[in-house]
Amino acid sequence: MENKRVRLRFAPSPTGGLHMGGVRTALFSYLYAKKHGGDFILRIEDTDQTRYVNGAEEYIIAALKWCGIEPNEGVGFGDGPHAPYRQSERKELGIYAKYAKQLIDSGNAYYAFDTSEELDAMRKRLEAAKVVAPQYNSVSRQNMRNSLTLSEDEVKKLLDAGTPHVVRLKVPRNEEIRFHDIIRGWVVVNSTQVDDKVLLKSDGMPTYHLAHIVDDIEMEVSHAVRGEEWLPSAPSHVLIYRYLGMEDKMPQFAHLPLILKTDGNGKLSKRDKSGIPMFPLDWFDERTNESYVGYRESGFFPEAFVNMLAMLGWNPGTTQEIFSLDELVQAFSFERVNKSGAKFDPEKTKWFNQQYLRMKSDAELATLFAPILKEHNIVAETKFVEEVCKLVKEKAHFVSEFWANGSYFFIAPITYDADVIKKRWNEQSAAFIKEVTEAFKNLNTFTTAETEATFKATAEKLGMGPGQVMQLFRVCLSGVGGGPVLFEMVELLGKDEVVKRLETATNSIK
Numbered sequence: 011m012e013n014k015r016v017r018l019r020f021a022p023s024p025t026g027g028l029h030m031g032g033v034r035t036a037l038f039s040y041l042y043a044k045k046h047g048g049d050f051i052l053r054i055e056d057t058d059q060t061r062y063v064n065g066a067e068e069y070i071i072a073a074l075k076w077c078g079i080e081p082n083e084g085v086g087f088g089d090g091p092h093a094p095y096r097q098s099e100r101k102e103l104g105i106y107a108k109y110a111k112q113l114i115d116s117g118n119a120y121y122a123f124d125t126s127e128e129l130d131a132m133r134k135r136l137e138a139a140k141v142v143a144p145q146y147n148s149v150s151r152q153n154m155r156n157s158l159t160l161s162e163d164e165v166k167k168l169l170d171a172g173t174p175h176v177v178r179l180k181v182p183r184n185e186e187i188r189f190h191d192i193i194r195g196w197v198v199v200n201s202t203q204v205d206d207k208v209l210l211k212s213d214g215m216p217t218y219h220l221a222h223i224v225d226d227i228e229m230e231v232s233h234a235v236r237g238e239e240w241l242p243s244a245p246s247h248v249l250i251y252r253y254l255g256m257e258d259k260m261p262q263f264a265h266l267p268l269i270l271k272t273d274g275n276g277k278l279s280k281r282d283k284s285g286i287p288m289f290p291l292d293w294f295d296e297r298t299n300e301s302y303v304g305y306r307e308s309g310f311f312p313e314a315f316v317n318m319l320a321m322l323g324w325n326p327g328t329t330q331e332i333f334s335l336d337e338l339v340q341a342f343s344f345e346r347v348n349k350s351g352a353k354f355d356p357e358k359t360k361w362f363n364q365q366y367l368r369m370k371s372d373a374e375l376a377t378l379f380a381p382i383l384k385e386h387n388i389v390a391e392t393k394f395v396e397e398v399c400k401l402v403k404e405k406a407h408f409v410s411e412f413w414a415n416g417s418y419f420f421i422a423p424i425t426y427d428a429d430v431i432k433k434r435w436n437e438q439s440a441a442f443i444k445e446v447t448e449a450f451k452n453l454n455t456f457t458t459a460e461t462e463a464t465f466k467a468t469a470e471k472l473g474m475g476p477g478q479v480m481q482l483f484r485v486c487l488s489g490v491g492g493g494p495v496l497f498e499m500v501e502l503l504g505k506d507e508v509v510k511r512l513e514t515a516t517n518s519i520k
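This is the structure:
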């Protein structure tokens with residue numbers, strides 16, 4: 011394995027939008043591939059045509075592009091040496107049938123002619139016999155219609171007649187199956203817990219169990235990364251590699267921990283009610299007529315989304331939490347992925363976005379804020395907008411909050427925080443507002459330092475502490491009781507606007 015070129019694939023099924031759990035699988039695969047100078051492949055596993063959803067494939071490609079975790083080979087990203095990358099197209103090449111035939115010829119797979127009625131009857135028999143998990147296996151297959159119980163002549167007649175059938179893996183009875191997982195270490199399962207999985211369906215289409223193995227062999231995949239829900243199927247996959255005589259081509263497995271609900275109980279669902287999106291981009295499910303809001307449309311930066319996902323189940327072994335994609339590539343290893351589930355934290359998710367928002371330049375933020383200003387018919391100088399962004403960004407998680415938190419920079423208030431007025435407005439404080447207004451009129455320079463010094467001097471002159479009138483002063487200027495650094499706000503509004511607003515407030519507040 012050490013000498014193999016590192017090649018990892020992300021192989022989703024186009025059965026719906028790409029959930030954030032799927033994006034994390036793609037991300038971890040991408041990080042490992044890039045760290046080791048290898049390839050990252052996008053393969054579309056569309057063998058289950060009954061569950062195919064229009065637009066899902068395009069959504070997957072768009073989501074990966076938005077996240078910045080682009081494959082260098084595969085569907086939507088250019089053909090490499092192993093095209094095509096859709097399993098429905100690969101089926102036409104006869105690849106899967108060839109491998110299935112090899113398994114049959116070696117006695118490690120068999121034809122099963124059971125009808126759906128016969129399968130139902132088998133399950134009911136097993137349930138009646140108090141079998142906990144009824145399955146088609148080394149015991150139950152002995153009473154079914156398959157090439158292990160029928161004579162060669164009967165099997166040939168059925169095949170020649172085109173009788174519907176599937177190909178099943180022949181799992182041995184009571185045998186220990188061992189494999190190594192990079193995250194979980196050695197996994198040991200007895201074959202009595204493993205069923206005879208269907209490898210080829212009656213329509214000739216391979217199931218996931220055969221198709222992904224064939225494709226991983228053909229595409230020389232070195233590491234197979236997937237969610238832990240696939241762990242119970244892994245013993246079957248190990249057997250298939252063994253029976254094909256290709257254990258040396260079996261990739262290293264890495265089964266990722268589940269992403270858990272916010273309370274830690276159970277797997278996170280796409281219908282989670284935390285208020286944080288579960289999909290990278292907006293998604294409409296045509297089967298259920300349900301719409302899902304995406305991280306992108308909710309105002310998250312792709313870098314923040316990716317950083318947050320990386321920390322769900324992986325840790326760098328240090329206190330560092332903010333990583334660029336390049337830094338993640340350098341720091342990532344599967345050995346530092348946890349075995350236990352990772353609890354999703356909506357507040358932490360917003361925190362990540364806040365950190366990236368603060369790292370943006372004021373010019374970048376002003377550009378992102380511009381469409382919102384346009385919606386409110388605001389025309390302002392670019393430099394002024396940049397200064398507003400500089401002040402309001404410290405208390406915001408999203409650019410979309412800038413208007414709610416700072417509209418008063420562009421529109422003078424016409425209402426004032428009632429609680430603050432009730433608590434703070436009195437004869438003495440009203441006198442202070444009038445006095446400080448006059449003092450501001452006489453200032454030659456209107457800087458942060460100058461206005462703050464004037465404010466404090468006026469309060470002292472009237473025998474008041476600055477704290478007694480500071481919040482009221484803010485409300486007179488902005489209408490609200492909280493906001494950015496007060497005297498930086500005063501300087502940005504400018505002398506004329508501040509004087510005008512203070513005079514208006516004095517005349518409006520009773």
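In this note's numbering, each number is its position in the sequence shown, counted from 1, plus 10.
C-beta atoms are modelled at their ideal positions from N, C-alpha and C, and glycine is treated no differently.
* Hey, would you say residue 109 sits closer than 7 Å to residue 158, going by beta carbons? -> no
* To do: May I ask you to list the residues that DSSP assigns as paired with residue 277?
  => 270
* **With 16 other Cβ atoms within 10 Å as the buried cut-off, status of residue 196** => exposed
* Secondary structure at residue 416, three-state DSSP: helix, strand or coil? -> helix
* Asked: In this structure, what does DSSP give as the bridge partners for residue 353?
  -> 270
* Quickly, what does DSSP pair residue 50 with across the bridge? List them, please. => 18
* DSSP state of residue 521, grouped into three classes? -> The question about residue 521 has no answer, for the chain in this structure spans 11 to 520.
* Under a three-way DSSP split, which group does residue 196 fall into? -> strand
* To do: Give me whichever residues DSSP pairs with residue 210 in a beta bridge.
  => 177, 216
* Are at least three pairs of beta-carbons, each pair with one atom in the stretch 128 to 141 and one in the stretch 93 to 104, less than 8 Å apart? -> no
* To do: Kindly indicate the opening and closing residues of the alpha helix (DSSP H) around residue 240.
  => Careful: residue 240 lies outside any alpha helix (DSSP H) and carries neither H nor E.
* Asked: Are the beta-carbon atoms of residue 84 and residue 114 separated by less than 7 Å?
  -> no
* To do: Mind listing, in chain order, the continuous alpha helix (DSSP H) runs of no fewer than 4 residues lying wholly within the stretch 284 to 366?
  => 312 to 320, 335 to 341
* **Proximity below 7 Å, CB of residue 274 to CB of residue 360** => no
* **CB of residue 264 within 7 Å of CB of residue 192, strictly** => yes
* In the structure shown, what three-state DSSP assignment does residue 409 receive? -> helix
* To do: Would you check if the distance between the CB atom of residue 363 and the CB atom of residue 428 is smaller than 7 Å?
  => no
* With residue 66 and residue 26 assumed to form a contact (beta carbons below 8 Å), what rounded beta-carbon distance in angstroms separates them? -> 6 Å
* If you pair each beta-carbon of the stretch 46 to 61 with each one of the stretch 339 to 349, do three or more pairs fall below 8 Å? -> no
* Secondary structure at residue 155, three-state DSSP: helix, strand or coil? -> coil
* Asked: Once you ignore the five residues that flank residue 402 on each side, which residues in its own chain have a CB closer than 7 Å to its CB?
  -> 412, 415, 416, 494
* **Neighbourhood of residue 250 by C-beta, 6 Å cutoff - its chain only, sequence neighbours within 5 removed** => 223
* Any idea if residue 60 is buried or exposed, counting beta-carbon neighbours within 10 angstroms, 16 or more meaning buried? -> exposed
* For the alpha helix (DSSP H) that contains residue 426, what are its first and last residues? -> It is not in any alpha helix (DSSP H) - residue 426 carries neither H nor E in the DSSP assignment.
* Can you name, in chain order, every residue of its own chain whose Cβ lies under 8 Å from the Cβ of residue 395, other than the five neighbours on each side? -> 376, 379, 380, 383
* Apply the 10 Å Cβ neighbour rule to residue 205 and answer buried if 16 or more other Cβ atoms are within range, or exposed otherwise. => buried
* contact_flag[the stretch 466 to 475, the stretch 431 to 448] where n(CB pairs < 8 Å) is 3 or more -> yes
* Asked: Can you give the beta carbon distance from residue 508 to residue 500, rounded, assuming they're within the 8 Å contact cut?
  -> 6 Å
* To do: Could you name the residues that DSSP lists as bridge partners for residue 265?
  => 236
* **Rounded separation between residue 29 and residue 106 - CA only** => 28 Å
* Please state if the CB of residue 266 and the CB of residue 237 are separated by a distance shorter than 7 Å. => yes
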